[in-house]
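Residue numbers (this note's numbering): 1 to 194.
All C-beta atoms in this analysis are idealised placements derived from N, C-alpha and C, irrespective of residue type, glycine included.
Remember, predicted model here, so these are calculated numbers, not experimental data.
Below is one structure; the comments refer to it alone.
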């Protein structure tokens, strides 16, 4: 199975990161994670759960969750092999730091490593609207090899719950990673209504 790093920053939408981690674990992949300081705070605020209680519930090994300040952690090195890095949700400040090469924490460094090593890097911006600065930063990252995958769920599958919307975005992330899943109903054409 693959080894993946999922980074969660302080943008609203931590459910997208949580579902991505849960789905990778369920598919029996080795999952590592970094929660920025604000990523952890927003996660607790949006879910009503402590990060550590949630980790235990989904089977995320605490030894594979790194402090954003630990610049000696395995994801900081290009010699540590990964099959993909995902930043979900990704704040615009994180996008700006990575695009400019002026990173100051492990989330930024992990993204820089993915780019320099030519590995999969998926950036999931959730904030909106986007300024021209945000668009230029995302363009720079796309030109450097990152996939920009905005948290924009579809509605053709007639979602009934927030989970349906979250699952769609997490499923698109897994699609880009090449990981099989059953998180959302795939488009099958327009069905005739009777």
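query = Any idea what DSSP makes of residue 40, helix, strand or coil?
reply = It is helical.
inquiry  = At the level of alpha carbons, what is the spacing between residue 186 and residue 122?
reply    = Roughly 21 Å separates the two Cα atoms.
task = Look at residue 99 and residue 149 and say whether their C-beta atoms are less than 9 Å apart.
result = In this structure, residue 99 sits away from residue 149, with a CB-CB distance that is not shorter than 9 Å.
query = Can at least three beta-carbon pairs, one atom from the segment 103-113 and one from the segment 16-30, be found at a separation below 8 Å?
reply = No: fewer than three Cβ pairs fall under 8 Å.
message = If I follow the unbroken alpha helix (DSSP H) through residue 169, where does it start and stop?
response = Its alpha helix (DSSP H) spans residues 162-177.
task = Return the chain-ordered list of same chain residues with a C-beta closer than 8 Å to the C-beta of residue 47, the five sequence neighbours on each side being excluded.
result = Only 14, 15, 18 and 54 meet the Cβ criterion.
inquiry  = Using a 10 Å radius around the Cβ and a threshold of 16 neighbouring Cβ atoms, would you call residue 180 buried or exposed?
reply    = By the neighbour-count criterion, in which a residue is buried when 16 or more other Cβ atoms sit within 10 angstroms of its Cβ, residue 180 is exposed.
Own chain partners of residue 152 with C-beta closer than 8 Å, once the 5 adjacent residues on each side are dropped = These residues qualify, in order along the chain: 169.
query = Does the beta-carbon of residue 49 have 16 or more other beta-carbons within 10 angstroms, so that it is buried, or is it exposed?
reply = Per the 10 Å Cβ criterion, exposed.
task = Flag this pair as yes or no: are the beta carbons of residue 9 and residue 36 separated by less than 9 Å?
result = Taking 9 Å as the Cβ cut-off, residue 9 and residue 36 qualify as a contacting pair.
inquiry  = Rounding to the nearest angstrom, what Cα-Cα distance links residue 90 and residue 71 in this structure?
reply    = Taking the straight line joining both Cα atoms gives about 19 Å.
inquiry  = Within 10 Å of its beta-carbon, does residue 129 have 16 or more other beta-carbons around it, so buried, or fewer, so exposed?
reply    = Answer is exposed; the Cβ neighbour count stays below 16.
key: Beta-bridge partners of residue 122, as assigned by DSSP   = Residue 122 pairs with 86 and 147.
request  = Would you mind listing the alpha helix (DSSP H) stretches within the segment 50-113 that are 4+ residues and don't spill past its ends, in chain order?
outcome  = Entirely contained in the segment 50-113, the alpha helix (DSSP H) runs reaching 4 residues are, in chain order, 51-58 and 92-100.
ask   = When burial is assigned at 16 or more other CB atoms within 10 Å of the CB, is residue 184 buried or exposed?
value = Buried, since its Cβ has 16 or more Cβ neighbours within 10 Å.
ask   = Given that a residue counts as buried once 16 or more other Cβ atoms are within 10 Å of its Cβ, and exposed if not, what is residue 81?
value = By the neighbour-count rule (16 or more Cβ atoms within 10 Å), residue 81 is not buried but exposed.
message = Applying the 10 Å Cβ sphere with the 16-neighbour rule, what's the burial state of residue 133?
response = Counting the other CB atoms within 10 Å of its CB gives residue 133 a total below 16, which places it among the exposed residues.
ask   = In the structure shown, what three-state DSSP assignment does residue 136 receive?
value = Residue 136 falls in the helix class under three-state DSSP.
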